[in-house]
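**Q** So that we are looking at the same thing, I have put the structure below in structure tokens.
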Amino acid sequence: MSKDDVAPTAASEYLNPHYWDKRFSAEEHYEWFKDYSHFRNLIMDHLNPHDSVLELGCGNSQLSEELYRDGVVDITCIDLSAVAVEKMRARLLENGCKDIKVLQADMLELPFGNDSFDVVIEKGTMDVLFVDSGDPWNPKPETVRKVMTMLEGVDRVLKPHGTFISITFGQPHFRRPFFEAPQFTWSMEWKTFGDGFHYFVYTLKKGKRPLDFKENHEKLEKPSLCLLQDELEGEDYQFRTNVDEL
Ligand SMILES: C[S@@+](CC[C@H](N)C(=O)[O-])C[C@H]1O[C@@H](n2cnc3c(N)ncnc32)[C@H](O)[C@@H]1O
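What follows is the structure, given as structure tokens:
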């Protein structure tokens, strides 16, 4: 199955659950961005074998299996696509990972109690919410609403000192306003991986926002004109190469 057979005609299709069902019916495995070997060293410091982990939008990725083989056994995966869930369950069973739970669920309405997980992880799933965001510096209100709903859900299901790991092509200046919104208490760190084009691994620790955060945050709010232009060009490049063509 080639990438062209499953690629959408427009990026906005990534928001359509039918697109994902159709794609997963035809595709057995596709790893968004890069596989585990490329970012394993960036996330393992934030995971313990006894952690309970929630993966958002697992698709047909091998991330949960790789974490399991690395000793993290309490894993719950969710995806909105019933096809992805059914196929993931069958594959995990076949590959000896029957303890991994897989549920059909919407990340905008997480069906879990407060303080349920030590770690929430997503790879390329939050990015789906941005595909029709318009100007990345000033996303549409509907995009902002959905992203904040998702993040509020993540914050709610995380235990008091839990960690949210977001693996994305979204650059820090576009993700920071969301991750550093006043209703969260997250500290934010990020690292990159990939050759040529870089992907980002954000690590957000609940309850760990630094005390001098407000002061530093104000300093960051106004990028210089030169930076603004360079980064706008960068984001345009990302949208073309990472959303439309994936
Ligand atoms: C870009 S793919 C990433 C798949 C996988 N995480 C990976 O790294 O290969 C986005 C995934 O998010 C799922 N998805 C989209 N919207 C969702 C939502 N509201 N709730 C849960 N999953 C969603 C899609 O079905 C798809 O599996």
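With the first letter of the sequence shown counted as 1, position 165 gets the number 165 in full-length UniProt numbering; the numbers rise by one all the way through.
Built from N, CA and C at the ideal position, the CB exists for glycine as well.
Can you tell me whether Ile43 sits near ligand 1, meaning its C-beta is under 8 Å from at least one heavy atom of the ligand?
**A** Start at 1 with the first residue of the sequence shown, and residue 43 comes out as number 43. Incorrect: Ile43 has no Cβ contact closer than 8 Å to ligand 1.
**Q** For Leu204 versus Phe174, is the C-beta distance shorter than 9 Å?
**A** As a first step, residue 204 is located in the sequence shown; it is residue number 204 there, counting from the start. As a first step, residue 174 is located in the sequence shown; it is residue number 174 there, counting from the start. The answer is no: Cβ separation not under 9 Å.
**Q** Here's a check: name, in chain order, each residue in its chain whose Cβ is nearer than 8 Å to the Cβ of Thr241, leaving out the five neighbours to either side.
**A** By 1-based counting over the sequence shown, the position of residue 241 is 241. Reliability fails at Thr241, whose pLDDT of 45 lies under 50, so the model's placement of it is uncertain and no value is given.
**Q** Relative to ligand 1, is the shortest distance from any of its heavy atoms to the C-beta of Ile100 smaller than 8 Å?
**A** In the sequence shown, the residue the question calls residue 100 occupies position 100. No, ligand 1 has no heavy atom inside 8 Å of this Cβ.
**Q** Please list the segments of the alpha helix (DSSP H) lying wholly inside the UniProt domain "Methyltransferase" (48-170), counting only runs of 4 or more residues, in order along the chain.
**A** Runs found: 63-69, 82-94, 125-128 and 141-157.
**Q** By the 10 Å Cβ neighbour count, where 16 or more other Cβ atoms means buried, how is Ser81 classified, buried or exposed?
**A** Translated into positions along the sequence shown, residue 81 becomes position 81. The residue in question, Ser81, is buried, as its Cβ has 16 or more Cβ neighbours within 10 Å.
**Q** Where does Glu31 sit, in a helix, a strand or coil, going by DSSP?
**A** Taking the sequence shown and counting its residues from 1, the one referred to as residue 31 is at position 31. Coil.
**Q** In three-state DSSP terms, what is Glu13?
**A** Residue numbering aside, residue 13 sits at position 13 when the sequence shown is read from its first letter. Helix, per DSSP.
**Q** Residues in the same chain with beta-carbon distance under 6 Å from Ser224, minus the five sequence neighbours each way, listed in chain order, please.
**A** For the purposes of this step, residue 224 is taken as residue 224 along the sequence shown, with counting starting at 1. Since pLDDT at Ser224 reaches only 36, below the 50 mark, its modelled position is unreliable, and the value read off the structure follows with that caveat. So the list is empty, once near-sequence residues are dropped.
**Q** Whole angstroms is fine: what's the gap from Met188's alpha carbon to Asp74's?
**A** Looking up residue 188 in the sequence shown gives position 188. Looking up residue 74 in the sequence shown gives position 74. Near 25 Å, if we compare the C-alpha coordinates of Asp74 and Met188.
**Q** Are Leu92 and Lys146 touching if we call contact CB-CB under 9 Å?
**A** By one-based count along the sequence shown, residue 92 stands at place 92. By one-based count along the sequence shown, residue 146 stands at place 146. No, Cβ-Cβ distance for Leu92 and Lys146 is not below 9 Å.
**Q** So for Trp190, helix, strand or coil by DSSP?
**A** The residue labelled residue 190 in the question sits at position 190 within the sequence shown. Trp190 falls in the strand class under three-state DSSP.
**Q** Would you tell me roughly how many angstroms separate the C-alpha atoms of Ser116 and Ile78, rounded to the nearest one?
**A** Counted from its first residue, the sequence shown places residue 116 at position 116. Counted from its first residue, the sequence shown places residue 78 at position 78. Taking the straight line from one Cα to the other gives about 14 Å.
**Q** Judging by CA-CA distance, which residue of Thr125, Phe179 and Val201 is the nearest neighbour of Tyr14?
**A** As a position in the sequence shown, residue 14 is number 14, starting the count at 1. The shortest C-alpha separation from Tyr14 is found at Thr125.
**Q** Please report the distance separating the alpha-carbon of Ala7 from that of Ala26.
**A** Looking up residue 7 in the sequence shown gives position 7. Looking up residue 26 in the sequence shown gives position 26. When rounded, the distance between both Cα atoms is 11 Å.
**Q** Just mark Glu142 as buried or exposed, buried being the case when its beta carbon has 16 or more other beta carbons within 10 Å.
**A** The residue labelled residue 142 in the question sits at position 142 within the sequence shown. It counts as exposed.
**Q** Val102 to Tyr36, Cα distance in whole Å?
**A** As a working note, residue 102 is residue 102 in the sequence shown. As a working note, residue 36 is residue 36 in the sequence shown. For Val102 and Tyr36, the distance between alpha carbons rounds to 19 Å.
**Q** Are the CB atoms of Leu54 and Val131 nearer to each other than 9 Å?
**A** Residue numbering aside, residue 54 sits at position 54 when the sequence shown is read from its first letter. Residue numbering aside, residue 131 sits at position 131 when the sequence shown is read from its first letter. Taking 9 Å as the Cβ cut-off, Leu54 and Val131 do not qualify as a contacting pair.
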